[in-house]
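Some notes on the structure that comes next.
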Amino acid sequence: MNAILMISVSVLMQAATLGSLTGRLTPTGSLALSCIGFAASAVIFNAVLVFRDGRFGGRGRRRPRRRPGTARLTLLMNLLTAVTFLSFYLAISQISSALASAVETAMGPVAVLLIGAAAYRRRPSRGAMAGALLLVLLGLVLAWQLAPVRSGPPGSLWVTVGALLLVVVAGFGAAGLALVSSALGRAGVGPTETTARRFHLTYVIAGLLLLRDGNGGGTGLHPALLAVAALCAVTVPLFLLQIGLQRADPLVSMTLLTALPGTTYLVEVAWGGPFDWTTLLLIMSITAVAVARALREARHPAETRRPGAAGAGSSRRPLEPDGVPGGVTDSGTRSELTGTS
């Protein structure tokens, strides 16, 4: 399946589930959803990994050759995953899923460019930065349109601001995840193994917070429905997203994810939420810019300007494992998808 299609299916699954849960989940429910979804991902994909490698006496497959630096990247993936998703799910217990998604996904492309420029001396082109900033502007306007601060109680302003700050943290974390996923793909780590090992810190922290919170007034959903929602919002779409992230350019991936807030908003409307034409226009604008940028990047990958002469140390790609040449393809990911070794 094409990487862009996988990311799109992942976005639709998450939007449909989160949009239908808006206003129904309590903070305890958000923690329970995170714990169930990420623990299920770890169990399912570790089992797939065990059987695929023939550890129960089967013949198994020859695993792709690893390159140095994968352990460091896997640890970083765990940390970024915990920061990104727990920040986001804590935020949606205070604000709508569409509002949280609008800020997080609009921050993605510019976060990728800023991380590359600050940490790896990769100066983006003017066109790439202009497009990313346009998405941020549209996302912030949409966030203001959806924010409840104008009509809410006096304390709601600070609650909303705090939740939005968590979402900004999640947005930068998601950009980091895109870069780390791309580096893991180049290092020969396939999507099944990455998905099996990236969630351990997330479900442990969510579980500890859940135990600390206690019952907390309930989750807001029947336990069986909560489990189904966790699979549909976390386990399945994140595996599809992982494959897409490892096969697509990070900027393309983050740009495609900007469709999440608009889709989530439409699902919220379908479930009885308020409809507003200005909000719809902003959603259509974000989607149009996102699609245009994704198509442009897919046909003409964005070039970055690096200071210094060719061959200098600054030419190294971001988050690249030690010893991995910049031109190496993600052979491990291709092998994972095709079944070849």
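First residue of the sequence shown: 1, per the working numbering; consecutive thereafter.
Even glycine gets a Cβ: it sits at the ideal position worked out from N, Cα and C.
The model shown is predicted, which means the values in this text are computed figures rather than measured ones.
The C-alpha of G23 lies about 7 Å from the C-alpha of S96. In the three-state DSSP reduction, R123 falls in the strand class (E or B). When the five nearest sequence neighbours on each side are left out, the beta carbons in the same chain lying within less than 8 Å of the beta carbon of F88 are those of A100, E104, L166, V167, A170, in order along the chain.
In the three-state scheme derived from DSSP, where H, G and I count as helix and E and B as strand, N2 is classed as coil. For the pair L266 and L90, the Cα-to-Cα distance works out to about 22 Å.
With fewer than 16 other CB atoms across the displayed protein chains lying within 10 angstroms of its CB, A71 is exposed. The beta carbon of V141 sits closer than 7 Å to the beta carbons of L282 from its chain, once the five residues preceding and following it are set aside; these are given in chain order.
In this structure, L146 keeps its C-beta atom at 8 Å or more from the C-beta atom of S285.
For V252, the three-state secondary structure derived from DSSP is helix.
Rounded to the nearest angstrom, the gap between the Cα atoms of H200 and L210 is 15 Å. If the five residues before and after A132 are omitted, its C-beta is found closer than 7 Å to the C-beta atoms of P109, V110, L113, all from its own chain and listed in chain order.
Contact between A229 and L221 holds: their C-beta atoms lie close to 7 Å from each other, under 8 Å.
If you check the CB distance, A183 and S253 do not come in under 8 Å. Around the beta carbon of P274, fewer than 16 other beta carbons lie within 10 angstroms, which makes this residue exposed.
Counting along the chain, S34 sits inside the alpha helix (DSSP H) bounded by residues 27-52. The beta-carbon separation of L75 and A106, rounded to 28 Å, does not stay under the 8 Å limit for a contact.
In this structure, the beta-carbon distance from T287 to A259 falls below 8 Å. DSSP places V269 in the uninterrupted alpha helix (DSSP H) bounded by 259-270.
Across the structure, N78 and L238 are spaced so that their CA atoms are roughly 14 Å apart. Spatial neighbours of V236 in its own chain (CB-CB distance under 7 Å, excluding positions within 5 residues in sequence) are listed in chain order as M13.
I286 carries a helical assignment under DSSP once its states are collapsed to helix, strand and coil. CA-CA distance, A3 to G190, rounds to 14 Å.
From the listed residues A248, T202, L256, L225, the smallest Cα separation to T84 is found for T202. Within its own chain, the residues whose Cβ lies closer than 7 Å to the Cβ of T278, once the five positions on either side in sequence are excluded, are Q145, listed in chain order.
In this chain, the alpha helix (DSSP H) harbouring G162 covers 156-186. Apart from the 5 residues on each side of it in sequence, G37 sits with its Cβ closer than 6 Å to the Cβ of A230, V234, T235 in its chain, given in chain order. For T74, the enclosing alpha helix (DSSP H) has its first and last residue at 70-91. Counting only residues of its own chain and dropping the five nearest sequence neighbours on each side, G207 has a CB closer than 6 Å to the CB of C35. Straight across, the Cα-Cα distance linking G244 with S93 is about 28 Å.
The shortest C-alpha to C-alpha distance from A118 to any of G176, I7, A130, G127 is the one to G176. Residue A196 holds the alpha-carbon nearest to the alpha-carbon of I44 among L226, A196, T264, P223. Looking from the CA of I115, the closest CA among A174, L5, L86, L240 belongs to A174. By the neighbour-count definition (other C-beta atoms within 10 Å, threshold 16), L225 is an exposed residue.
Residues of the same chain with a CB within less than 8 Å of the CB of M129, apart from the 5 flanking positions on each side, are V110, L113 in chain order.
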